[in-house]
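Reminder that position 247 of the sequence shown reads as 231 in this note's numbering, one-by-one numbering, no gaps. Shown next, in structure tokens, is the structure this report addresses.
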Amino acid sequence: MFTTLRKYSLVFASLLVSVLPTVAQDIVYQNNGKKVDCKIIEINPQKIKYKIPQNPGPAYSMDAGDVLMAFSSTGNYVVYPLNGDNAQAAGFMHTPANKQNDLIITLDNQVIAVIELSLNDKEVKFKKADDKKPKEQKLAKSKIAVILYKDGRHELIADPAAAAASLKATKTQTDQITGVDNTLKTDANANTGNTNTSNTSDDAVAFPGGPEEFEKFRNKALIKVDELGTYLATIVDPKTPAEKANSTIGLAVTLFVNEDARVEVSNVNTGIKNKYKIRDYLRRLKLVGADYQEVEVSYADISYATDFRKGPDGNYYGVVSFVQTFKGLVDGKVVYGDVTQRNVTVILKLYEKAVDGETKKLWDVFLADVGIEETRKL
């Protein structure tokens, strides 16, 4: 089954009023002044997916528009919006911190590498790491945005918005100091084979809206796949009222190019596969959820198996893949579980839309057939 279960309540997040150093773990700061202590499992310019260590249930998701900044347990950080910068997200997830010293980031955007750091209510005492004969210096806390500790912790001295502004302004410098910059360049070379070779595809260049618009639609396709998962979570949840489940079915169908799009399902015991039109599949899915008291679903590795390529009809076709884990529970025990590798065909095409009384042709991304590569029992 192609399902996903997610909880969006963030009432567990605490207000950002503490001035004590944060425990070294992944932390997301929101624009509304809250923070989430978590384990980030996926991060990109569009959203962050994470798990709560105290809750072994499914992953949560947070839209980029709600994010101010995020820190990894190793001390890497990103400040939103990322404006399509996937390299920063890759550095956050995969680049280990290589800090030799604590770093003080000031509100006037200076980065000071220090040793023997200590602080009280009014000031910070330290010695500059690059001085030949380090002498103790003092700096008022009112001039400091944030302290980045070499062990991965961080401490916001200024309010979160001001700290984020200084962190964003000094990102290049801090990456150079910590070694993140060099690692990102190495990763880029390994992925492209040549730093002077553009990875912009011919199809992106030929797209009527240009490469930047093409990239937006590539990202939108991934978002729509995730959005479908949100709808499916509501539909399969046995606690969802029937009226809401039915209205959600209608919303999910609108993500597809038409109602003839088919979803493949398989029997993990017999290996038999069947295909159902999208609306029929969603109705069957609602009935499946009723077999359990609880449903836990998670997914990972959402990515392009095949990037968009222009078809003979002038539209662009691609395939997005992901791994889905499904668990059905009764009395708190898993009575059924499977792991499925799925592929979703995505189409970037022109469609007609009424705008201010006129019919205009616009580009958009739609989902098409949903297939199965492999299903196995948990």
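We put the CB at the ideal spot given by N, CA and C, even for glycine.
Contacts around N299, its chain only, beta-carbon distance under 8 Å, and the 5 residues preceding and following it disregarded: I331, L332, K333 and L334
Is it the case that the region 151 to 164 contacts the region 23 to 41, given that we only count it when at least three CB pairs across the two stretches are under 8 Å? no
Does the beta-carbon of P225 have 16 or more other beta-carbons within 10 angstroms, so that it is buried, or is it exposed? exposed
Could you name the residues of the same chain whose beta carbon sits closer than 6 Å to that of K294, not counting the 5 residues immediately before and after it, in chain order? D187 and Y300
State the Cα-Cα distance for the pair L132 and Y34, rounded to the nearest angstrom. 22 Å
Decide if Q38 is buried, meaning its Cβ has at least 16 other Cβ atoms within 10 Å, or exposed. exposed
Of the residues T329, D353, F198 and G312, the one placed nearest K41, counting alpha carbons only: For clarity, residue 41 is Gly in the given sequence; the question names Lys instead. Closest option to G41, Cα to Cα, is G312.
Three-way DSSP call (helix, strand, coil) for K117 in this model: coil
Just how far apart, CA to CA, sit T343 and V189? 27 Å
Are the CB atoms of K364 and D10 nearer to each other than 7 Å? Residue 364 falls outside the range modelled here, since the chain spans only -15 to 362, and no answer is possible.
For the beta strand (DSSP E) containing Y320, name the first residue and the last one. K317 to V339
Candidates K134, E107 and V130, of which the one nearest Q121 by Cα: E107
Using a Cβ-Cβ cutoff of less than 6 Å, which residues in the same chain neighbour G321 once the five nearest sequence positions on both sides are dropped? K311 and L362
Check T58 in the structure and name its three-state DSSP category. coil
Limits of the unbroken beta strand (DSSP E) element including S312: Sequence inspection shows Gly at residue 312; the Ser mentioned does not correspond to that position. Start and end: Y300 to V314.
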